[in-house]
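Quick note: the first sequence uses numbering that gives the first Met the number 0, first residue 0, plus one each step.
Using N, Cα and C, we set each Cβ at its ideal position, and we do this for glycine too.
Treat the numbers as computed from the prediction; the structure is a model and nothing was measured.
Single-structure report; data block below.
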Amino acid sequence: MPLPRRFYLRPTRAVARDLLGCVLVSRRGAALTAGRIVETEAYLGPEDGASHAAIRPVAARPLFYGEGGRAYVFRIYGVHFCLNAITGRAGRPGCVLIRSLEPVLGLAAMARRRGVAGDSPGLARGPGNLTRALGITRGDNGADLTAGRLTIEPPDRPRDFRIATGPRVGVTRDADRRLRFWIVGHHCVSR
DNA sequence: TAGCTGATTGACT
DNA sequence: GTCAATCAGCTAA
């Protein structure tokens with residue numbers, strides 16, 4: 000069973016942290032791919048200069064400010080897609096960027112989409128690689144993460160890892176906020 | 001309408 | 001270490 004709606008209706012930082020160890024599942028027709036989340040970043044409301052609640056697409060605002068538990072997908076640098084989970088209750092903007100996965104299911108399909116070898120360690124490492132490996136596109140924007148073809152399942156093993164925090168990667172505004180979370184020592188965490 | 005920018009990646013010096 | 005790819009949507013005019 001996917002994580003329930005109430006999981007997302009909490010402060011963004013808490014969701015970002017608790018998402019570590021959970022499993023993202025993508026169903027594309029017959030192809031099933033999934034990976035364990037090992038790295039996330041929190042994006043808050045308008046007070047967070049890097050958040051799309053403060054800048055960027057006005058068209059995404061209804062989604063951003065809407066009830067948590069939906070996917071927010073956008074194109075970056077005209078080249079890659081990034082996957083976010085919307086958090087908070089309606090009227091409370093926030094989302095969590097999913098940066099890296101440890102491949103769990105459908106490795107062959109992921110490798111095919113990426114055009115790399117199946118045993119490649121970085122199959123779903125980095126936001127752009129992750130969406131490509133799972134076949135996630137703009138068409139998944141707004142998708143319900145509690146049911147359907149894109150869901151997030153609770154951890155499939157005990158949380159026996161340590162969590163580290165630090166500045167977000169690649170952001171130019173509010174770059175000093177410690178809103179990045181990752182599993183210490185995991186080989187699938189991006190540089 | 002034109003110009004610019006970015007929550008990235010991979011190839012190359 | 002540098003740099004190009006490539007485009008939706010914002011900003012200025």
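{"Item": "Residue interval of the alpha helix (DSSP H) (run including alanine 110)", "Value": "106-113"}
{"Item": "Every unbroken alpha helix (DSSP H) inside the stretch 31-119 [4 residues or more]", "Value": "60-64, 106-113"}
{"Item": "Residues near proline 92 in its chain [Cβ-Cβ closer than 6 Å; skip 5 each side]", "Value": "Gly44, Ala52, Phe63, Tyr64"}
{"Item": "Cross-strand partners of leucine 23 (DSSP beta bridge)", "Value": "Gly34, Ile151"}
{"Item": "Bridge partners - aspartate 143, DSSP secondary structure assignment", "Value": "Arg69"}
{"Item": "Pair within 9 Å by beta-carbon distance, arginine 16 and threonine 39", "Value": "yes"}
{"Item": "Distance between threonine 145 and alanine 84 (C-alpha atoms, nearest Å)", "Value": "11 Å"}
{"Item": "Buried versus exposed call for arginine 190 [16 or more other C-beta atoms within 10 Å across all chains shown]", "Value": "exposed"}
{"Item": "The stretch 5-25 / the stretch 140-160 touching (three or more Cβ pairs under 8 Å)", "Value": "yes"}
{"Item": "Reduced DSSP secondary structure (H/G/I, E/B, other) of glycine 165", "Value": "strand"}
{"Item": "Separation of valine 95 from glycine 169, as counted between CA atoms", "Value": "15 Å"}
{"Item": "Where the beta strand (DSSP E) through arginine 179 begins and ends", "Value": "179-182"}
{"Item": "Which listed residue (Glu101, Val14, Gly105) has its alpha carbon closest to that of arginine 124", "Value": "Glu101"}
{"Item": "First and last residue of the uninterrupted alpha helix (DSSP H) at leucine 129", "Value": "126-133"}
{"Item": "CB of alanine 59 within 9 Å of CB of tyrosine 76, strictly", "Value": "no"}
{"Item": "9 Å Cβ cutoff met for tyrosine 7 and threonine 86", "Value": "yes"}
{"Item": "Alpha carbon of arginine 137 to alpha carbon of arginine 74, nearest angstrom", "Value": "7 Å"}
{"Item": "Rounded Cβ spacing between serine 25 and isoleucine 135 (contact assumed at less than 8 Å)", "Value": "6 Å"}
{"Item": "N- and C-terminal bounds of the alpha helix (DSSP H) containing phenylalanine 6", "Value": "4-7"}
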